[in-house]
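Okay, so the sequence shown: first residue is 11 according to the working numbering, each after it adds one.
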Amino acid sequence: MTARPAVAASDPDLARVAPVLAAVREGQPLVHCLTATVSMAIVADGLLAAGARPMMTETRAEAPVVTTMADALTINLGTLSTDAVDGIPPTVAAALRDGRPWVLDPTAIGIAPVRTPLARQLLGSRPAVVRGNASEVLALVGAGRGGRGPDSSAANGGDGPAVTSAAREVAARTGGAVSVSGEVDLVLDATRSVRVARGTALLSRVTGTGCLLGALTAACTAVCPDAFEAAVAAVVWLDLAGELAADRATGPGSFRMHLLDALDEVGRYEVER
11 MTARPAVAAS DPDLARVAPV LAAVREGQPL VHCLTATVSM AIVADGLLAA
61 GARPMMTETR AEAPVVTTMA DALTINLGTL STDAVDGIPP TVAAALRDGR
111 PWVLDPTAIG IAPVRTPLAR QLLGSRPAVV RGNASEVLAL VGAGRGGRGP
161 DSSAANGGDG PAVTSAAREV AARTGGAVSV SGEVDLVLDA TRSVRVARGT
211 ALLSRVTGTG CLLGALTAAC TAVCPDAFEA AVAAVVWLDL AGELAADRAT
261 GPGSFRMHLL DALDEVGRYE VER
């Protein structure tokens, strides 16, 4: 049987990001993930499938020290513990001191009284990329009350003018890139923007795929100094993997399994569809 590419080599989205995907696989960056407990497994497995390496600790005593070994850091506020509240600021400070890129994922901010001010405070530490859904990005700039838990309630996802304006304001504050997930994904920085209309609705039916995207974005920033291109690469990588997994899956459970295989395959292996 002759194998065919899972995603055609001529696909313009894949062609754009292929060098970053190859660099992650070659460099195997170590990503320190302060992430939601509910998504730790898929974040760790997804990074490994993509060719990166995860490590996870959040305490004030250890997290700042551990991050000195990492190539990049991702901060996710999804299930914020007291340990994480104490550990996040000095961990970010350690990453900045050593010149390591870091990604902020302000999960479920809005009316939450602890994580919302913390997320806004962390913008001042200039993350390379802020990655969130439309409601979270709006809440960061005080233009909305957030979504329903981790889900966005903003119309048009990442494709609405209010969201675009909020994302530009965040980018102006951080000097980095902003990645907004939705039916159409938006990535922008101070001078560039791109919309990615790829992926599958099944990505929103498995816990932690947004958290995984934040960690994958951090892995890409570790090998690509252009934060905008790194964020685009992560979005396209997960979207294309989602499309491939959806072709094979019979529902959300099997989709999760196939997603890990597809992260390994996109841009690397030729497989039968």
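By construction, the Cβ of each residue, glycine as well, lies at the ideal position given by its N, Cα and C atoms.
Indicate the three-state DSSP secondary structure (helix, strand or coil) for residue i in the structure shown.
i    : result
C230 : helix
V173 : helix
G224 : helix
V197 : strand
R205 : strand
P22  : helix
R278 : coil
Can you name the start and end residues of the alpha helix (DSSP H) that residue i belongs to?
i    : result
V113 : Here V113 belongs to no alpha helix (DSSP H); instead the beta strand (DSSP E) covers 112-115.
A240 : 237-258
S264 : 262-275
A211 : Premise fails: A211 is in no alpha helix (DSSP H) and is neither H nor E.
So, is residue i buried or exposed, given that buried needs 16 or more other C-beta atoms within 10 angstroms?
i    : result
D108 : exposed
E253 : buried
L198 : buried
E280 : Because E280 carries a pLDDT of 48, less than 50, the predicted location of this residue cannot be relied on, and the following value inherits that uncertainty. The residue is exposed, with fewer than 16 neighbouring Cβ atoms inside 10 Å.
R202 : exposed
V147 : buried
A73  : buried
D115 : buried
D257 : exposed
V188 : buried
Cα-Cα, which of the options is closest to residue i?
i    : options                : result
P64  : C234, S49, R70         : S49
T217 : T77, R266, D115        : R266
N143 : C43, V30, S214, A256   : S214
L106 : T201, T92, A225, D81   : D81
P171 : V102, S135, D236, S145 : S145
A104 : T77, A54, D96          : T77
G154 : A176, V140, V30        : A176
G120 : G88, R110, T69, L226   : G88
G37  : L248, S264, C230       : C230
C221 : G277, T260, V140       : V140
L31  : A259, C234, H268       : C234
A94  : T67, P123, L150        : T67
May I ask which residues mark the beginning and end of the beta strand (DSSP E) holding residue i?
i    : result
V190 : 187-191
For the ligand NAD, is there a heavy atom less than 8 Å away from the beta-carbon of residue i?
i    : result
A256 : Among the components of this structure there are no ligands whatsoever, and the ligand NAD is therefore not found.
Segments assigned alpha helix (DSSP H), at least 4 residues, entirely inside the segment 42-115: If only uninterrupted alpha helix (DSSP H) runs of at least 4 residues are considered, those enclosed by the segment 42-115 are 50-60, 73-76, 92-107.
Beta strand (DSSP E) segments (min. 3 residues) lying fully within the segment 117-159: Every beta strand (DSSP E) stretch that sits fully inside the segment 117-159 and reaches 3 residues is listed by chain position as 139-143.
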